[in-house]
Amino acid sequence: MLKALFIWAPPLIYVPIIFILSIRPMPESIPGNMDKVIHLLVYSIVGVIFTRALMRGIKIKNSTTTIALALLFSIALGTLIEIVQYFIPYRSASLGDIAANSAGALIGVYLYTFIAKSNKGQSHASS
Numbered sequence: 710m711l712k713a714l715f716i717w718a719p720p721l722i723y724v725p726i727i728f729i730l731s732i733r734p735m736p737e738s739i740p741g742n743m744d745k746v747i748h749l750l751v752y753s754i755v756g757v758i759f760t761r762a763l764m765r766g767i768k769i770k771n772s773t774t775t776i777a778l779a780l781l782f783s784i785a786l787g788t789l790i791e792i793v794q795y796f797i798p799y800r801s802a803s804l805g806d807i808a809a810n811s812a813g814a815l816i817g818v819y820l821y822t823f824i825a826k827s828n829k830g831q832s833h834a835s836s
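Quick note: the sequence shown uses the working numbering, first residue 710, plus one each step.
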């Protein structure tokens, strides 16, 4: 039970935070291009935490399936939040934001997968 909490706590904490921040009024002080960088960084973290949770929390024999699910969940989250923002008068949704979210998710999933494979290779080499 404690192991499952450790595995699933990051997405269970991070996702509501992203949602809450995404439905609040946008600060005026963020320059236009910086918005996409923020989307990229935020969803890179989403990609990392979903990949970590799925790789450690669900025993799927095919790592490609796990990676695809992590990417699907990450992109779906970003798209869903953009759809919600479309209906909020003081927020806006854009395909550019969805693209930045998706690119960030892809980076995060790849980054976690790369690090996990590197660590696995090091642990086998030191055995």
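Glycine included, every Cβ here is placed at the ideal spot set by N, Cα and C.
Just so it is clear, the structure is predicted and the values come from calculations on it, not from any experiment.
Tell me whether the segment 754 to 763 and the segment 720 to 734 touch, counting them as touching only if at least three CB pairs, one residue from each stretch, are closer than 8 Å.
Counting Cβ pairs under 8 Å, three or more are found: they touch.
Please return the same chain residues whose Cβ sits closer than 8 Å to the Cβ of I776, not counting the five positions on each side in sequence.
Hits under 8 Å: T760, V818 and T822.
To the nearest angstrom, how far is the alpha carbon of P719 from that of A762?
Near 8 Å, if we compare the C-alpha coordinates of A762 and P719.
By DSSP, does Y752 sit in helix, in strand, or in coil?
Three-state result, Y752: helix.
By DSSP, does A809 sit in helix, in strand, or in coil?
Of the three classes helix, strand and coil, the one that applies to A809 here is helix, per DSSP.
Count the CB pairs spanning the segment 783 to 802 and the segment 764 to 774 that are closer than 8 Å, and state whether there are at least three.
No: the two stretches stay apart, fewer than three of their Cβ pairs being nearer than 8 Å.
Would you check if the distance between the CB atom of R800 and the CB atom of I732 is smaller than 8 Å?
Yes; because the gap between Cβ atoms is below 8 Å, this pair is in contact.
Less than 8 Å separating the beta-carbons of V751 and G805?
No. Outside cutoff.
Taking only three categories from DSSP, how would you classify A802?
A802 falls in the coil class under three-state DSSP.
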